[in-house]
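All remarks here apply to the structure that follows.
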Amino acid sequence: VAALCAIVVIVTEGRRLKMRLWGLYIVAIFLVSFGFGFPLFLLMRERKQMEVLGLAGDTQEENTSPT
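The numbering used here puts the first residue of the sequence shown at 252, with every later residue one more than the last.
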């Protein structure tokens with residue numbers, strides 16, 4: 252039952268965010284395990300959301316030049 256709910260989330264969120272290869276997470280749920288496939292999708296979804304918001308790769312580095 253949980254896998255079915257996860258598949259619905261993967262399909263809807265994958266399409267909404269235009270994620271590449273979102274179907275592989277569904278395959279991972281069945282071939283590896285639910286405990287691997289769904290958390291992996293959530294991680295990649297978070298990264299995609301950061302990318303869409305323009306926050307991916309931004310680091311706030313302090314200016315440490317000697318004066």
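All C-beta atoms in this analysis are idealised placements derived from N, C-alpha and C, irrespective of residue type, glycine included. None of the values given here were measured: they were computed from a predicted structure.
For residue i, which residues from the same chain have a beta carbon less than 6 Å from its beta carbon, with the 5 sequence-adjacent residues on both sides left out?
{"i": "residue 285", "result": "254"}
Considering only the beta carbon of each residue, do residue i and residue j sit closer than 8 Å?
{"i": "residue 279", "j": "residue 294", "result": "no"}
{"i": "residue 300", "j": "residue 272", "result": "no"}
Going by C-alpha to C-alpha distance, which of the options sits closest to residue i?
{"i": "residue 252", "options": "275, 281, 268 and 271", "result": "281"}
{"i": "residue 302", "options": "283, 274 and 270", "result": "270"}
Starting from residue i and walking both ways along the alpha helix (DSSP H), at which residues does that stretch end?
{"i": "residue 269", "result": "From DSSP, residue 269 is part of no alpha helix (DSSP H); its letter is neither H nor E."}
{"i": "residue 286", "result": "285-304"}
Beta-carbon within less than 8 Å of residue i's beta-carbon, same chain only, minus the 5 sequence neighbours each way: which residues are those?
{"i": "residue 276", "result": "261, 265, 288, 289, 291, 292 and 295"}
{"i": "residue 257", "result": "280, 285, 288, 289 and 292"}
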